[in-house]
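J.: Next up is a structure, given as structure tokens.
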Amino acid sequence: MSRPALTSLTFASTDALTSVADLLGRTLGLVFEPRSSDWRGGDYFLAGDWRTAYAELVYVQRNDDLGEPAEPEYAAYPTLVYVECTRRADHLEQAVAITDLVFVRREDWDDPRDSAATSAQSP
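Sequential numbering of the sequence shown, starting at 19, is according to my numbering.
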């Protein structure tokens, strides 16, 4: 069985946004940019190039969706970390395991660019 091309990971934390972004920056060598969006619970941090399709992006944001928890199952955790479109999920899971972040979810899928390339080659 082949490995998935892309993976999304979700983690939760009881620590503040800035603390989690600093921790991930040191642990994973990421550079976070402060941003703001109502959709992401107000102020949040982003690492990665959002302008590139299917690029790895890491969001550190509040567990807040207009006053309700964005992830209700993890309402006790005020901070969430979303890793999107990573091709190094196993490495990230191992690296984050040494921190106090709580692993929440992993979703694997095929890279849509692979199926588009295959379709273009078919007669």
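Ideal Cβ placement from N, Cα and C applies to all residues, glycine included.
All of these numbers come straight from a predicted model, not from anything done at the bench.
At what residues does the beta strand (DSSP E) containing V101 begin and finish?
T.: T97 to T104
J.: Report the CB separation of Y95 from N81 in whole angstroms; it is logged as a contact under 8 Å.
T.: 6 Å
J.: Taking the straight line between their C-alpha atoms, what separation do you get for L46 and C103?
T.: 16 Å
J.: Rounded to a whole number of angstroms, what is the C-alpha to C-alpha distance between L42 and L35?
T.: 11 Å
J.: What number of angstroms, rounded off, separates the C-alpha of T136 from the C-alpha of A23?
T.: Note on T136: pLDDT 38, under 50, position unreliable in the model; the coordinate value appears next. Distance between the alpha carbons of T136 and A23 is about 14 Å.
J.: Cβ atoms of L48 and G66: under 9 Å apart, would you say?
T.: yes
J.: Shortest alpha-carbon distance to A39 belongs to which of A107, R106 and V76?
T.: Ranking A107, R106 and V76 by CA distance to the CA of A39 puts V76 first.
J.: Any idea if A107 is buried or exposed, counting beta-carbon neighbours within 10 angstroms, 16 or more meaning buried?
T.: buried
J.: Terminal residues of the continuous alpha helix (DSSP H) containing T36?
T.: In the DSSP assignment, T36 falls within the unbroken alpha helix (DSSP H) covering L35 to L46.
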